[in-house]
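One structure is given here, and the rest of the page talks about it.
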Amino acid sequence: MLEYILRRTLQIIPLIVIISVISFGIIELPPGDFVTMRIIELEQTGTRVDEEEIARLTEQYGLDKTLVERYALWAWNIISRGHLGRSFQWEQPVTQVIGERIALTMSISLMTLVFIWIVAIPIGIYAATHQYSLGDYIFTFFGFIGISVPGFLLALVVMYLAFTQLGISVTGLFSPEYADAPWSFARLMDMLPRLWVPIVVIGLTGTASLIRVMRSMLLDELRKQYVVTARAKGVAERTLLFKYPVRIAINPLISTIGWLLPFIVSGEALVSIVLNLPTTGPVLLRALLFQDMYLAGSLVMILSILTVVGTLISDLLLAWVDPRIRYQGATK
Amino acid sequence: MSTVEAAGQSTQETAAAERYYLASQWQLVWWKFRKHKMALVAGIVLGVMYFIAAFCEFLSPYLPGTRFPEYLYAPPQRVRLLASGEAFGPHVYGLVRGRDPETFRRTFTVDTEQRFDVRFFVRAEEYRLWGLFKSNIHLFGSDEGPVMLFGADRLGRDVFTRILYGARISLSVGLVGIFFTFVFGMVLGGLSGYLGGVVDTIIQRLVDLLISIPTIPLWMALAAALPRDWPPVRIYFGIVIIFSMIGWTGLARVIRGKLLALREEDFVMAGRIAGAKQGAIIAKHLLPSFASYIIVSLTLAIPQTILGETALSFLGLGLQPPVVSWGVLLQDAQNVQAIAHYGWLLIPCLFVIVTVLMFNFLGDGLRDAADPYTR
Numbered sequence: 001m002l003e004y005i006l007r008r009t010l011q012i013i014p015l016i017v018i019i020s021v022i023s024f025g026i027i028e029l030p031p032g033d034f035v036t037m038r039i040i041e042l043e044q045t046g047t048r049v050d051e052e053e054i055a056r057l058t059e060q061y062g063l064d065k066t067l068v069e070r071y072a073l074w075a076w077n078i079i080s081r082g083h084l085g086r087s088f089q090w091e092q093p094v095t096q097v098i099g100e101r102i103a104l105t106m107s108i109s110l111m112t113l114v115f116i117w118i119v120a121i122p123i124g125i126y127a128a129t130h131q132y133s134l135g136d137y138i139f140t141f142f143g144f145i146g147i148s149v150p151g152f153l154l155a156l157v158v159m160y161l162a163f164t165q166l167g168i169s170v171t172g173l174f175s176p177e178y179a180d181a182p183w184s185f186a187r188l189m190d191m192l193p194r195l196w197v198p199i200v201v202i203g204l205t206g207t208a209s210l211i212r213v214m215r216s217m218l219l220d221e222l223r224k225q226y227v228v229t230a231r232a233k234g235v236a237e238r239t240l241l242f243k244y245p246v247r248i249a250i251n252p253l254i255s256t257i258g259w260l261l262p263f264i265v266s267g268e269a270l271v272s273i274v275l276n277l278p279t280t281g282p283v284l285l286r287a288l289l290f291q292d293m294y295l296a297g298s299l300v301m302i303l304s305i306l307t308v309v310g311t312l313i314s315d316l317l318l319a320w321v322d323p324r325i326r327y328q329g330a331t332k
Numbered sequence: 333m334s335t336v337e338a339a340g341q342s343t344q345e346t347a348a349a350e351r352y353y354l355a356s357q358w359q360l361v362w363w364k365f366r367k368h369k370m371a372l373v374a375g376i377v378l379g380v381m382y383f384i385a386a387f388c389e390f391l392s393p394y395l396p397g398t399r400f401p402e403y404l405y406a407p408p409q410r411v412r413l414l415a416s417g418e419a420f421g422p423h424v425y426g427l428v429r430g431r432d433p434e435t436f437r438r439t440f441t442v443d444t445e446q447r448f449d450v451r452f453f454v455r456a457e458e459y460r461l462w463g464l465f466k467s468n469i470h471l472f473g474s475d476e477g478p479v480m481l482f483g484a485d486r487l488g489r490d491v492f493t494r495i496l497y498g499a500r501i502s503l504s505v506g507l508v509g510i511f512f513t514f515v516f517g518m519v520l521g522g523l524s525g526y527l528g529g530v531v532d533t534i535i536q537r538l539v540d541l542l543i544s545i546p547t548i549p550l551w552m553a554l555a556a557a558l559p560r561d562w563p564p565v566r567i568y569f570g571i572v573i574i575f576s577m578i579g580w581t582g583l584a585r586v587i588r589g590k591l592l593a594l595r596e597e598d599f600v601m602a603g604r605i606a607g608a609k610q611g612a613i614i615a616k617h618l619l620p621s622f623a624s625y626i627i628v629s630l631t632l633a634i635p636q637t638i639l640g641e642t643a644l645s646f647l648g649l650g651l652q653p654p655v656v657s658w659g660v661l662l663q664d665a666q667n668v669q670a671i672a673h674y675g676w677l678l679i680p681c682l683f684v685i686v687t688v689l690m691f692n693f694l695g696d697g698l699r700d701a702a703d704p705y706t707r
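Residue numbers (the working numbering), protein chains in the order written: chain L, 1 to 332; chain A, 333 to 707.
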């Protein structure tokens with residue numbers, strides 16, 4: 001097991017390197033460099049820019065060096081000091097701008113993942129055991145719609161319905177009095193009921209596809225000989241169902257985290273913009289619109305890395321639950 | 333059962349079986365697809381939508397930029413056929429602007445005194461169909477006043493007209509997108525499956541990477557990097573290429589998997605022994621045998637591109653007004669106020685959802701039909 005953990009962990013290092021290269025590419029993409037932008041911006045607000053400041057910034061961001069050297073400098077700053085660069089839009093280091101928002105994005109994504117599982121597995125089991133029943137057709141129909149309706153459009157529709165039918169606004173995560181307050185138990189309690197809408201909206205598509213996977217896996221399993229044998233021997237239906245077929249059908253489901261988690265984080269970025277949540281989505285959008293590239297590039301990088309790490313953790317959990325995966329890897 | 337009947341039945345069965353065994357692969361695919369009623373319906377609906385997109389100039393009553401200053405944020409008008417004591421025929425009533433004394437919001441009341449008769453094949457504003465044929469005939473419209481089936485936006489433009497024009501961009505994005513996805517997926521998947529070795533490993537790692545990271549933030553960042561002063565056509569292709577650069581993985585996987593499985597097949601070996609060239613084996617024997625899988629994979633990739641364009645344009649990172657796409661139209665519905673009071677601005681949402689749903693149904697039917705030999 002230890003060897004497996006080590007091997008899988010080492011495998012993601014090249015991934016992280018490539019992600020960092022892509023993110024650095026994003027930072028470098030727009031025409032004009034950071035310092036020039038900064039000077040233009042300062043001059044627009046009427047501040048005089050002295051030569052020393054320019055020299056200092058040029059030095060700090062290595063703008064007089066080649067692209068490869070700049071990348072090395074940027075990466076080294078991150079590894080050695082956790083320094084991601086500066087957001088000129090917020091006048092703060094990037095780490096300060098995005099710290100809490102990253103945490104919120106990741107918590108919402110994880111909660112969505114849990115939500116998807118809790119909803120999809122029982123429905124999948126029901127649909128498989130009641131194949132071609134009315135309930136099965138209803139879930140299949142909703143499943144199709146769920147797969148086709150992307151989160152951000154659903155968010156728009158939910159906002160419209162909530163406002164016109166119930167007269168409430170479902171945007172934001174906190175009531176006004178807690179919006180800028182420091183974290184406290186009361187603030188957490190204020191957030192919890194508001195979390196429902198984003199979680200359901202982000203999770204719908206994932207839930208729909210997971211129901212389909214669970215249903216077809218379980219159906220395959222239920223047709224197998226051992227189930228028939230067990231039933232012939234008089235094992236109670238419920239015991240029979242949960243003892244083997246469900247457990248086997250859930251296994252491939254765990255491996256879907258590999259694409260489900262990136263999918264959720266992606267969806268969260270869009271939905272949070274529509275619902276105006278205090279997470280990374282709106283910050284990323286504004287950073288891109290204002291070409292605040294250090295902020296944008298860092299966000300893309302951190303979201304990607306956290307997603308890859310999350311997938312790794314789920315893989316390790318899976319290996320811990322299912323020894324076949326460990327051995328399969330070892331014999332390759 | 334008499335022997336004659338039984339004999340007749342068995343000949344019928346033989347005839348059916350013979351038909352089955354003599355049918356070409358594509359015939360079998362079609363027979364199997366035909367059984368999938370939802371997919372058939374979806375195919376027809378999509379055909380109609382693409383037809384609308386192709387002839388939007390003729391089908392819409394106005395031009396996308398036509399403004400009716402008296403009708404800013406006017407709600408959808410209802411088409412009526414009969415009215416008491418009036419002539420029979422489709423017509424709408426004019427709307428009169430007012431102000432809510434409490435909220436100061438603009439309100440509209442239906443004025444039954446103003447009757448605008450809806451007529452077909454009316455001559456109105458001039459347009460060029462596909463930029464080529466000059467005409468001024470619109471499918472329907474009224475000489476007496478505006479007819480806005482889906483209401484008006486903040487500048488008093490007809491939402492119905494704009495949705496039809498938007499369909500042309502939004503629906504074509506999907507088709508242009510799969511062209512590039514096809515090229516990327518074919519080349520990279522083909523190389524990966526055919527060459528194997530180091531190339532295969534590198535391409536597979538790349539696929540793993542693109543699958544394991546959240547793609548929408550990446551799309552957003554790349555789309556934002558397209559220069560703002562580019563002409564709309566170039567932005568359009570830029571966005572489509574960005575999608576394809578990230579979205580080719582699904583197709584590449586299918587192609588690689590099929591190549592790996594098929595190159596061990598007996599008929600490939602037979603071809604090789606008979607002295608066929610590599611290129612001929614690939615083009616003549618391998619490609620046709622998994623072409624149906626490619627079609628399925630591409631059909632399922634179309635809605636992803638359509639959704640991507642909608643999302644980016646909605647956020648203001650994709651196409652920009654005055655270009656009209658469904659995503660651009662939804663920009664008007666970005667804030668709570670607009671959604672709450674002018675709900676008809678969300679109608680483009682409905683079109684996006686129906687399109688994606690239909691493509692998914694179609695893809696599902698095609699997936700079942702792709703392998704016609706499993707009965």
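Yeah, the Cβ is synthetic: ideal placement off N, Cα and C, and Gly gets one too.
Short of 7 Å in beta carbon distance, which residues of its chain neighbour residue i, apart from the five on each side in sequence? Order them along the chain.
i                : result
Ser629 (chain A) : Gly582, Leu583, Val586
Val655 (chain A) : Ile501, Pro564
Val230 (chain L) : Note that residue 230 (chain L) corresponds to Ala in the displayed sequence, not to Val. Result list for Ala230 (chain L): Leu240, in chain order.
Pro363 (chain L) : A question about residue 363 (chain L) goes unanswered here, because the residues of chain L that appear run from 1 up to 332.
Ile264 (chain L) : Ser109, Thr112, Leu113, Ile202, Gly206
Thr439 (chain A) : Gly430, Arg431, Asp432
Tyr526 (chain A) : Leu591
For the beta strand (DSSP E) that residue i lies in, which residues bound it at each end?
i                : result
His423 (chain A) : 423-431
Ala456 (chain A) : 451-461
Ser657 (chain A) : From DSSP, Ser657 (chain A) is part of no beta strand (DSSP E); its letter is neither H nor E.
Ser467 (chain A) : 465-473
What are the start and end residues of the alpha helix (DSSP H) that includes residue i?
i                : result
Asp322 (chain L) : Segment: none, Asp322 (chain L) is in no alpha helix (DSSP H) and carries neither H nor E.
Lys364 (chain A) : 357-366
Gln77 (chain L)  : Strictly speaking, residue 77 (chain L) in this sequence is Asn, with Gln absent from that position. First-last of the alpha helix (DSSP H) with Asn77 (chain L): 67-81.
Asp136 (chain L) : 134-148
Gln652 (chain A) : Careful: Gln652 (chain A) lies outside any alpha helix (DSSP H) and carries neither H nor E.
Lys609 (chain A) : First-last for Lys609 (chain A): undefined, no H or E at that position.
Arg231 (chain L) : 225-232
Trp90 (chain L)  : Trp90 (chain L) -> no alpha helix (DSSP H), and no H or E assigned at all.
To the nearest angstrom, how far is it from the Cα of residue i to the Cα of residue j?
i                : j                : result
Ile671 (chain A) : Val515 (chain A) : 40 Å
Ala355 (chain A) : Ala347 (chain A) : 12 Å
Tyr4 (chain L)   : Ile254 (chain L) : 18 Å
Thr95 (chain L)  : Thr9 (chain L)   : 25 Å
Phe683 (chain A) : Trp676 (chain A) : 12 Å
Phe693 (chain A) : Ala371 (chain A) : 5 Å
Glu389 (chain A) : Ser657 (chain A) : 14 Å
Asp297 (chain A) : Thr398 (chain A) : As displayed, chain A neither begins before 333 nor continues past 707, which places residue 297 (chain A) out of reach and without an answer.
Met342 (chain L) : Arg247 (chain L) : Since the first and last residues shown for chain L are 1 and 332, residue 342 (chain L) lies out of range.
Ile12 (chain L)  : Asp532 (chain A) : 18 Å
Leu195 (chain L) : Val668 (chain A) : 18 Å
Ile54 (chain L)  : Asp64 (chain L)  : 12 Å
Met690 (chain A) : Ile202 (chain L) : 22 Å
His470 (chain A) : Leu461 (chain A) : 11 Å
Gly379 (chain A) : Val688 (chain A) : 13 Å
Ile123 (chain L) : Val213 (chain L) : 11 Å
Tyr352 (chain A) : Ile679 (chain A) : 46 Å
Glu345 (chain A) : Gln359 (chain A) : 19 Å
Thr140 (chain L) : His130 (chain L) : 12 Å
Which same chain residues, not among the five before or five after residue i, have their C-beta less than 6 Å away from its C-beta?
i                : result
Leu260 (chain L) : Gly206
Ser304 (chain L) : Ile19
Gly498 (chain A) : Val656, Ser657, Trp658, Leu661
Scan the region 543-554 of chain A for residues whose Cβ lies nearer than 9 Å to a Cβ of chain L and list them as they occur along the chain. Ile543, Ser544, Ile545, Pro546, Thr547, Ile548, Pro549, Leu550, Trp551, Met552, Ala553, Leu554
Using a Cβ-Cβ cut-off of less than 7 Å, list which residues of the region 654-673 of chain A approach chain L; keep chain order. Ala665, Val668, Ile671, Ala672
To be precise: take each residue of the region 552-577 of chain A, compare its Cβ to all Cβ atoms of chain L, and keep it if any distance is under 9 Å. Which residues remain? Met552, Ala553, Leu554, Ala555, Ala556, Ala557, Pro559
Would you list, in chain order, the members of the region 301-325 of chain L that have their beta-carbon closer than 7 Å to a beta-carbon of chain A? Leu303, Ser304, Thr307, Val308, Thr311
Got a sec: which bits of the region 64-85 of chain L sit with their beta carbon under 9 Å from any beta carbon on chain A, in order along the chain? none
Which whole runs of the alpha helix (DSSP H) in the region 242-292 of chain L are 4 residues long or more, in chain order? 245-255, 257-275, 280-289
Note down, one range per segment and in chain order, each alpha helix (DSSP H) of at least 4 residues found wholly within the region 562-634 of chain A. 564-579, 581-594, 598-605
For the region 145-157 of chain L, list every residue whose C-beta sits within 8 Å of some C-beta in chain A, in sequence order. Ile145, Ile147, Ser148, Val149, Pro150, Phe152, Leu153, Leu156, Val157
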